[in-house]
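Residue numbering for the sequence shown follows the UniProt record's numbering, beginning at 1 and increasing consecutively. Glycine included, every Cβ here is placed at the ideal spot set by N, Cα and C. Keep in mind it's a predicted model, so treat the numbers as computed, not measured. Encoded as structure tokens, the structure appears first; notes follow it.
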Amino acid sequence: MHDWSRGAACQAMDPELFFPISTEGPGREQVEQAKAVCRGCPVRQPCLDYAIDTRQLNGVWGGTDPEQRRSLIPTVARRRETVPAPPLPGDR
Numbered sequence: 001m002h003d004w005s006r007g008a009a010c011q012a013m014d015p016e017l018f019f020p021i022s023t024e025g026p027g028r029e030q031v032e033q034a035k036a037v038c039r040g041c042p043v044r045q046p047c048l049d050y051a052i053d054t055r056q057l058n059g060v061w062g063g064t065d066p067e068q069r070r071s072l073i074p075t076v077a078r079r080r081e082t083v084p085a086p087p088l089p090g091d092r
């Protein structure tokens with residue numbers, strides 16, 4: 001368990017809500033219900049970061065469905081490449 005997950009709004013909920021069989025048809029309503037839980041979650045961003053970093057292919061993470069996360073991956077990768085690394089202790 002990750003430290004951030006202890007504060008997740010979904011912690012006491014049925015995990016199946018966040019892993020619908022499909023994101024289309026009847027599953028679309030389930031996805032929207034899961035995203036509604038995420039909207040009020042205090043750890044939404046760490047959850048999304050985790051899902052992107054670990055390439056979670058299924059489920060609702062950080063208020064996003066798999067398709068949304070796939071569209072974010074190139075953006076996140078580019079952003080990480082362009083952000084300079086913090087200086088090491090003793091560097092000037």
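Taking buried to mean at least 16 other C-beta atoms within 10 Å of its own C-beta, is residue i buried or exposed?
i	result
Asp-65	buried
Pro-20	buried
Gly-7	exposed
residue 93	Any property of residue 93 remains undetermined from this structure, which presents the chain solely from 1 to 92.
Leu-57	exposed
Since residue i sits in a beta bridge, which residues does DSSP pair it with?
i	result
Thr-64	Trp-61
Can you give the Cα-Cα distance for residue i and residue j, rounded to whole angstroms?
i	j	result
Ala-12	Val-37	11 Å
Gly-59	Leu-17	9 Å
Asp-14	Gln-30	12 Å
Ile-73	Arg-55	9 Å
Glu-67	Pro-46	18 Å
Arg-70	Tyr-50	13 Å
Trp-4	Glu-32	23 Å
Gly-63	His-2	18 Å
Ala-9	Leu-48	13 Å
Would residue i count as contacting chain D if we go by Cβ distances under 8 Å?
i	result
Gln-45	Looking for chain D here will not work: only one protein chain is present.
*Does the region 42–54 come close enough to the region 19–34 that 3 or more CB-CB pairs lie under 8 Å?*
no
*Inside the region 2–50 only - alpha helix (DSSP H) runs reaching at least 4 residues*: 26–39
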